[in-house]
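Trainee: Structure in structure tokens, see below.
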Amino acid sequence: MQALPTLNTLLARLDPAAVRAERQLALVQLIAWLRPGRHEGAEMAVLRLQQLLQRLDDEPALRARVQALLALLWSESDGGSLLAEYGLARRLSLLRELRRRAALRWLPGTPDTDQLGALFELAFRPADAAWLATLDKPLEARLAELLAFPARAQALDALALLANEAAAEGQDAELRGRMDPALRQAQPFRQLPLTVAQLAQALEQGAKAEALQHAAYLRALLDACRRAAASVLTHLESHGVSIDLVFTLDQLDGRLERLEALLNLALGGPALPLLLRLIELGGAQRGIRPLLGQHFQLLARQIAERSAETGEHYITRSRTEYFDMLRRAAGGGLVIAGTTVLKFALMALALSPFWGGFAAGLNYAVSFVLVMLLHWTVATKQPAMTAPALADSLTALRGLRDEAEVTQAVEGFVDRVAALIRSQVAGIVGNVAVCGPLVLGLQLLLQGLGQAPVIDAAKARYVLDSLSLLGPSLLFAAFTGVLLFGSSLIAGWAENAFVLHRLDSALRWNPRLQALLGPERAQRWARWWRGNISGLAANISLGFLLGLVPVVLGFFGLGLDVRHVTLSTGQLAAALGTLGAGLLHEPAFWSCVVTVAGIGALNVGVSFWLAFRVALRSRGIRLHERRRIAQALRARLRRAPLSFVLPPQAGANAD
55 MQALPTLNTL LARLDPAAVR AERQLALVQL IAWLRPGRHE GAEMAVLRLQ
105 QLLQRLDDEP ALRARVQALL ALLWSESDGG SLLAEYGLAR RLSLLRELRR
155 RAALRWLPGT PDTDQLGALF ELAFRPADAA WLATLDKPLE ARLAELLAFP
205 ARAQALDALA LLANEAAAEG QDAELRGRMD PALRQAQPFR QLPLTVAQLA
255 QALEQGAKAE ALQHAAYLRA LLDACRRAAA SVLTHLESHG VSIDLVFTLD
305 QLDGRLERLE ALLNLALGGP ALPLLLRLIE LGGAQRGIRP LLGQHFQLLA
355 RQIAERSAET GEHYITRSRT EYFDMLRRAA GGGLVIAGTT VLKFALMALA
405 LSPFWGGFAA GLNYAVSFVL VMLLHWTVAT KQPAMTAPAL ADSLTALRGL
455 RDEAEVTQAV EGFVDRVAAL IRSQVAGIVG NVAVCGPLVL GLQLLLQGLG
505 QAPVIDAAKA RYVLDSLSLL GPSLLFAAFT GVLLFGSSLI AGWAENAFVL
555 HRLDSALRWN PRLQALLGPE RAQRWARWWR GNISGLAANI SLGFLLGLVP
605 VVLGFFGLGL DVRHVTLSTG QLAAALGTLG AGLLHEPAFW SCVVTVAGIG
655 ALNVGVSFWL AFRVALRSRG IRLHERRRIA QALRARLRRA PLSFVLPPQA
705 GANAD
């Protein structure tokens, strides 16, 4: 890196007669000279600032030249771009803000600008806030005297600009429709521009008492605006989240915060706190990952909450619920047996890759929806739904200090883990125990009737090779777990959108639908869609993900396939029916049996782990008690290992 010029060289470049780019580049370089080096502390920057100020005090002509350059900067630059807009999105769109941040991060800036915000971005780094915060009051006053920044005039201009922007945002129809009625009726946003104008007029006329009254009223309005904006967020948490609305609320909150800071500056308060805040925002506004994380966290939580509500139905706590899960899983295995047979029939058509994948996806989707409509279950769909419900039980650990309460919360979590695992076991056993024998029975029936089997010997051998323990099936099973998790996200997103746009109300009260269906039927339809939209989205999306994603990845040369435990069981049973009982004596068959067990574990484990991580992050939970939870799980495994597989005794409850 090129060494910085000396102070003498930098001061010689501070020439008011130079062109704008040279003048402002000299200021940027002077700030870089003040900045502490990599191995220096904040005190070195303070010493350099003291050296600079002392040099200017000792040379009045030099000081006059520097102040003339600064006065030229203040008069020629747009201060509003710094005080009113810096660190805030100009257009309330998340995608536009992402593009703006990407440009700030990757495109070089220029000092040849009349935008004070752009020059500020070029001159300061986030770390500068640390050494500037150490300035004592006398040094801060000497620096302010040198800069001679027209704080009041610039602050009043920025106040007027921000008040109009905040008023427009706060009165947006999307926000007003979700605002608390009492707060909306008070119209605090509408009053902001007039109050700021009255404050500015009082300050310009020197009416200090009147200005203080207007300032107090403006602060009260800002508090009312914050409460109104918070009520919108509360509404979103209960009725579905919109990323654009969350982004708008975040920017609105930033504008209200800036209005208060500018109000303090206009009333004669110190400029350093605002300067430090602007420097912090300068670093933050380059970050793309924090922006996405901040605004998608609430959506992730809403999706997780929807899944948690559904997931509660998949956790068995009693013997009755356990055997009911077995029954429903057996029904699911019945349908998947038909899915397996139909899959082989579709493969026999030798369709092109896309249409073959589409047909397979349609086959899966119809089967999964049929399972849902019959109130049966497919085991591998459970983990992504149950993980958020399990994460809910960890919220009890937050804020606990009493040892007995922590122990009770950890034991409650272990109880739910045991209930969840045995629910998965029941689901997989029910699916596999029906699907495999049914497909095998169909093969034997066809052979007994003298008909061709579902698959011929060559395809049966292909099935054995594809399910070999030495092949990539376990990797494909983990990939299938990712797709299972993806379908749960799609389901949560669909339900969130359904609630956000109030489609249940539209289905119930829309005049055309009422005329077409009648009031009672429209009400039933609305209730049915509200209760089933998540399941439909999950099942349809999962079907097409399983069918089409391998085809799309194959187009890019990625040979990933899917392995689903119930479908793989049906395929293995079909191969056994074709090749006969002699296959039971071949190691290849038992290798496939072990693979199918591993497929089930990975289908469940990967989708559960991903959903659990999302649920934890969306709730802001950190597993500080991770070691204690692991110890409790090991203790339960030693004490009652069968509680993770078999239902509790009659009259007992898992929780």
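Take the sequence shown: its letter number 269 is residue 323 in my numbering, and every next letter is one higher.
Cβ coordinates follow ideal geometry from the N, Cα and C atoms, glycine included.
What you are looking at is a predicted structure, and each value in this text was computed from that prediction instead of being measured.
1) Given this structure, state the Cα-to-Cα distance separating N62 from E175, to the nearest angstrom.
2) What's the C-alpha gap between G613 and L607?
3) Would you mind reading off the limits of the alpha helix (DSSP H) that contains T394?
4) Where do the N-terminal and C-terminal ends of the alpha helix (DSSP H) with W430 fall, by residue?
5) For Q169, list the residues DSSP reports as bridge partners.
6) If you run the structure through DSSP and keep just helix, strand and coil, what is I85?
7) Under a three-way DSSP split, which group does Q703 fall into?
8) CB-CB under 6 Å to S522, same chain, minus the five flanking residues each way: which ones, in chain order?
9) Classify P604 as buried or exposed, calling it buried when 16 or more other Cβ atoms lie within 10 Å of its own Cβ.
10) Rounded to whole angstroms, what's the CA-CA distance from P162 to Q339? Just pull it up for me.
11) How should H639 be labelled, buried or exposed, when 16 other C-beta atoms within 10 angstroms of its C-beta is the threshold for buried?
12) D190 by DSSP, collapsed to three states: which one?
13) Just checking, does the stretch 497-508 make contact with the stretch 547-558 on the three C-beta pairs under 8 Å criterion?
14) Express the C-alpha separation of A592 and W583 in angstroms, rounding to a whole number.
15) Using the C-alpha atoms, what's the distance from L316 back to Q239?
16) Exposed or buried, V73, counting other C-beta atoms within 10 Å across all chains shown (16 or more means buried)?
17) Indicate the three-state DSSP secondary structure (helix, strand or coil) for G322 in the structure shown.
18) DSSP state of E139, grouped into three classes?
19) Find the nearest neighbour of P695 within the set A473, L186, Q121 and A548, judged by alpha-carbon distance.
20) Give the secondary structure of I653 by DSSP, where H, G and I count as helix, E and B as strand, and everything else as coil.
21) My assumption, with CB atoms under 8 Å, is that Y418 sits in contact with G597. Please give the rounded CB distance.
22) Can you list, in chain order, the residues of its chain whose CB lies under 8 Å from that of Q105, leaving out five sequence neighbours each side?
23) Under the three-state reduction of DSSP, which class applies to E574: helix, strand or coil?
24) Check for me: the alpha helix (DSSP H) holding Q225 runs from which residue to which?
25) I need the straight-line Cα distance from L59 to E97, nearest angstrom please.
26) Rounded to the nearest angstrom, how far is the Cβ of A35 from that of I297, given a contact under 8 Å?
27) Roughly how many whole angstroms lie between the Cα atoms of V660 and T649?
28) With a cut-off of 8 Å on the beta carbons, I'd call A265 and A256 a contact; round off their distance for me.
29) Tell me the rounded alpha-carbon separation between R681 and L197.
30) Could you round the C-beta distance between T434 and V658 to whole angstroms and report it? I think they count as a contact, below 8 Å.
31) Reducing DSSP to helix, strand and coil, say where E97 ends up.
32) Helix, strand or coil, according to DSSP, for N485 in the structure here?
33) When we look at the beta-carbon of F610 and count the other beta-carbons within 10 Å, is it buried (16 or more) or exposed?
34) Exposed or buried, what is D211 when buried is set at 16 or more other beta-carbons lying within 10 Å of its beta-carbon?
Mentor: So, from the data block:
1) 25 Å
2) 7 Å
3) R373 to A402 is the span of the alpha helix (DSSP H), which, as asked, contains T394.
4) Counting along the chain, no alpha helix (DSSP H) covers W430, and no H or E run does either.
5) D132
6) helix
7) coil
8) Correct list, in chain order: S645.
9) P604 is buried by the Cβ-count criterion.
10) 15 Å
11) exposed
12) coil
13) no
14) 14 Å
15) 27 Å
16) exposed
17) In the displayed model, G322 falls within coil according to three-state DSSP, outside both helix and strand.
18) coil
19) A473
20) Looking at I653 - three-state DSSP - the assignment turns out to be helix.
21) 3 Å
22) L61
23) Under the three-state reduction of DSSP, E574 is assigned to helix.
24) Neither: Q225 is in no alpha helix (DSSP H) and is coded neither H nor E.
25) This sequence places Pro at residue 59; Leu is not what is there. One C-alpha to the other measures close to 20 Å.
26) The question about residue 35 has no answer here: the residues shown for the chain are numbered 55 through 709.
27) Taking the straight line joining both Cα atoms gives about 16 Å.
28) 4 Å
29) 53 Å
30) Rounded to whole angstroms, the Cβ separation of T434 and V658 is 6 Å, and the two are in contact under 8 Å.
31) helix
32) Taken through DSSP and simplified to helix, strand or coil, N485 comes out as helix.
33) When all chains shown are included, F610 counts as exposed.
34) D211 should be labelled buried.
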